[in-house]
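*Asks:*
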Amino acid sequence: MNQKPEANNKTGLGVFLMCFGVAALCVNDATAKALGDTYSPLQILFLRNIIALPFAFLLVLKIEGPAGLSSTRPLTHVSRGFFWIFAAYLFFTSFRYLGLAEATTLVFIAPMFVTALSVLFFKEKVGWRRWSAVIAGFAGVVIVMRPGSGTFDVVSLLPLATALLYACLMLSARWVDPKESVWTLMLYLVGTGALLSALTLPFIWVPIRPEDIWIFLTNAVFGTAGITMITQAFRLAPASVVAPLDYTALLWAVLLGWLFWGEIPDWATYVGAAVIVASGIFIVLREQTQKPMT
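Every position in the sequence shown, counted from 1, becomes a number in the numbering used here once 1 is added.
(1) Specify the secondary structure class of Leu257 as computed by DSSP and reduced to three states.
(2) Going straight from the alpha carbon of Arg81 to that of Ile144, what length do you get?
(3) Distance check for Pro67 and Glu103, CA to CA, integer angstroms please.
(4) Which of the three DSSP states, helix, strand or coil, is assigned to Gly100?
(5) Is it buried or exposed, Trp176, if we count other Cβ atoms within 10 angstroms and call 16 or more buried?
(6) For Ile209, which of helix, strand or coil comes out of DSSP?
(7) I think Ala250 touches Val23, with their Cβ atoms under 8 Å apart; what is that distance to the nearest whole Å?
(8) Assuming Arg130 is part of the alpha helix (DSSP H), what are its boundary residues?
(9) Rounded to whole angstroms, what's the CA-CA distance from Val16 to Ile205? Just pull it up for me.
(10) Can you list, in chain order, the residues of its chain with a C-beta nearer than 6 Å to that of Val28? Leave out the 5 residues immediately preceding and following it.
(11) Excluding the five sequence neighbours on either side, which residues of its own chain have a C-beta within less than 8 Å of the C-beta of Tyr90, listed in chain order?
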């Protein structure tokens, strides 16, 4: 009896953190879009990671102690950093050509890629219900992109490639030592992201304008805060409760796109988003309630 209120409090806090974490990441995306006309996505990613790295380091040290700084599989973290940087690079690049809401909608196909890749590489068994949700999700993508119509733009493939790489990032977590905490994973993701993006700086660096410094700081603060809050949300509440809240990003993307760039998604984006979100939520809930999938 005494544990139930405590569990409810943790779940409520997890929901709160997830909602605000998703909103923070949307602010991070909006600042990246604002910077994208002047700076390379790789320069934006480097500065975001290098600013966030000390905070991530101190956070791991405080929560996990010195043991949290080491890893038995550093090369796995490097590969995950590559997936993350490349995915973010493609996503930020898409902002130059697509509205914030449209790009965000297409990225939400990631859970469908996770399902397909888990069958291909991990031989997982997936039943007809989950496959139906995957097919429906891709139908939602077709609605948004409208291939063959006059409004189709090939740059719409960039968020799809982002979703594929993000799915690889999520699945690659299986290669990490299970003894390592989520905080250690976050530290190595930020660290390898900073390192890999730094290698490109001699080729893409543009001097930072003084008026853009606060935008870079906002990008780093909200990006780090978003990842941290979402990570903690999954620790406090069941994944079946907090994972579907990731789709609240669509609301923030529509709002921020309208406020700062006057972007108003067309009907196809709304319809396709509804199909993709419904499919993604079904996959998340089905994955939590039936393991293994039949």
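Ideal Cβ placement from N, Cα and C applies to all residues, glycine included.
Quantities reported herein were computed from a predicted structural model and do not represent experimental measurements.
*Replies:* Working from what's here:
(1) helix
(2) 31 Å
(3) 42 Å
(4) coil
(5) exposed
(6) coil
(7) 5 Å
(8) Trp129 to Met146
(9) 39 Å
(10) Phe223
(11) Pro42, Leu43 and Leu46
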